[in-house]
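Protein chains in written order, with my numbering: chain V, 7 to 123; chain C, -6 to 106. A virtual CB, placed ideally from N, CA and C, is assigned to each residue, including glycine. Step one of this worksheet: look at the structure below.
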Amino acid sequence: NAGVMQNPRHLVRRRGQEARLRCSPMKGHSHVYWYRQLPEEGLKFMVYLQKENIIDESGMPKERFSAEFPKEGPSILRIQQVVRGDSAAYFCASSQTGDLANTGELFFGEGSRLTVL
Amino acid sequence: AQSVTQLDSHVSVSEGTPVLLRCNYSSSYSPSLFWYVQHPNKGLQLLLKYTSAATLVKGINGFEAEFKKSETSFHLTKPSAHMSDAAEYFCVVSMAAGNKLTFGGGTRVLVKP
């Protein structure tokens, strides 16, 4: 009964390098969400994807960040040319439907903690 | 627009005493409201949710929350704290038929023996 799987759990990068974070949703879930949690802050929505489609990317920074959820394989959050301010915990969540207001349950992974030196 | 404010960033209670975590929201639409818990280095787990049915919502681990529209509040309570309740708690709001959750800043709960 695998939950949402994220890897790597911890990632260290130097400024200017690329970071790739992977997320496999729960079995049967086709909706994936990425959130970022800065130290001492709540989670901030980044992007919502369904298979092969970006539905809502209103929380994504305009540059350096991209996300995909291909037909096969995990969802990937990619950060190019990382800077120190990108250091955060990145959480992936999945749901069975996109209507969170009614079904309401997002299942979260344990997060990927990015440290930029 | 929707937003949620958790009034206390830290709450400290003794084991066996009541816990109260305060949350106020603003939403242009009929909101759905949730409480999530995050234990250290773990993902978030849903505690309970309000989706316009009963205003008093019971969740897991003995927690409950009451939706008060007149006060725009959704405070989380538990009559008797347990050591395992030490965690961070997030109040969350979603617009009707929405696919985006807005998180409060979180309340870190410390339980003293």
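Whole-angstrom C-beta distance between V/V89 and V/V122, which should lie under 8 Å: Residue 122 of chain V sits at position 116 when you count from the first residue of the first sequence. Residue 89 of chain V sits at position 83 when you count from the first residue of the first sequence. So it is a contact: roughly 6 Å between Cβ atoms.
Can you name the start and end residues of the beta strand (DSSP E) that C/E81 belongs to? Position 88 of the second sequence holds residue 81 of chain C. Boundaries of the beta strand (DSSP E) around C/E81: 80 to 87.
So with CB distances below 7 Å, who are the chain V contacts of C/G109? Outside the modelled stretch of chain C, which goes from -6 to 106, sits residue 109 of chain C, for which no answer is possible.
Who are the near neighbours of V/Q23 in its chain, counting only those whose CB is closer than 7 Å to its CB and skipping five residues on each side? In the first sequence, the residue the question calls residue 23 of chain V occupies position 17. Same-chain partners within the cutoff: V88.
Would you grab the beta carbon distance between C/G36 and V/G104 for me? Rounded to a whole angstrom, and I think it's under 8 Å. To locate residue 36 of chain C, count along the second sequence from 1; it is residue 43. To locate residue 104 of chain V, count along the first sequence from 1; it is residue 98. No, C/G36 and V/G104 are not in contact; Cβ-Cβ is about 20 Å, not under 8 Å.
Below 9 Å on C-beta distance, what does C/F83 contact in chain V? Mapped onto the second sequence, residue 83 of chain C falls at position 90. Close to C/F83, with beta-carbon spacing below 9 Å, are these residues of chain V in chain order: G48, L49.
Using a Cβ-Cβ cut-off of less than 8 Å, give me the residues of the segment 35 to 67 of chain C that come near chain V, in sequence order. Interface annotation for the segment 35 to 67 of chain C against chain V: K35, G36, L37, Q38, L39, K42, T44, criterion Cβ-Cβ distance under 8 Å.
When the Cα of C/F27 is compared with those of C/S2, C/S63, C/S45, which residue comes out closest? Translated into the one-based positions of the second sequence, residue 27 of chain C becomes position 34. Closest by alpha carbon: C/S45.
What are the boundary residues of the beta strand (DSSP E) that V/H16 is part of? In the first sequence, counting from the first residue as 1, residue 16 of chain V sits at position 10. Counting along the chain, the unbroken beta strand (DSSP E) around V/H16 starts and ends at 16 to 19.
Rounding to the nearest angstrom, what Cα-Cα distance links V/G115 and V/R26 in this structure? Here residue 115 of chain V refers to the residue found at position 109 when the first sequence is read from its first residue. Here residue 26 of chain V refers to the residue found at position 20 when the first sequence is read from its first residue. About 16 Å.
Since C/F56 and V/G48 are thought to touch, with beta carbons under 8 Å apart, how far apart are those beta carbons, to the nearest angstrom? As a first step, residue 56 of chain C is located in the second sequence; it is residue number 63 there, counting from the start. As a first step, residue 48 of chain V is located in the first sequence; it is residue number 42 there, counting from the start. A Cβ-Cβ separation of about 19 Å leaves C/F56 out of contact with V/G48 under the 8 Å criterion.
Kindly indicate which three-state DSSP category C/S77 falls into: helix, strand or coil? For the purposes of this step, residue 77 of chain C is taken as the residue at position 84 of the second sequence. C/S77: helix per DSSP, three-state reduction.
Sequence-distant residues of the same chain with beta carbon closer than 7 Å to V/G65, five excluded per side: In the first sequence, counting from the first residue as 1, residue 65 of chain V sits at position 59. Answer for V/G65: K50, F51, M52, V53, listed in chain order.
Under a three-way DSSP split, which group does C/N54 fall into? The residue labelled residue 54 of chain C in the question sits at position 61 within the second sequence. Here DSSP, grouped into helix, strand and coil, assigns C/N54 to helix.
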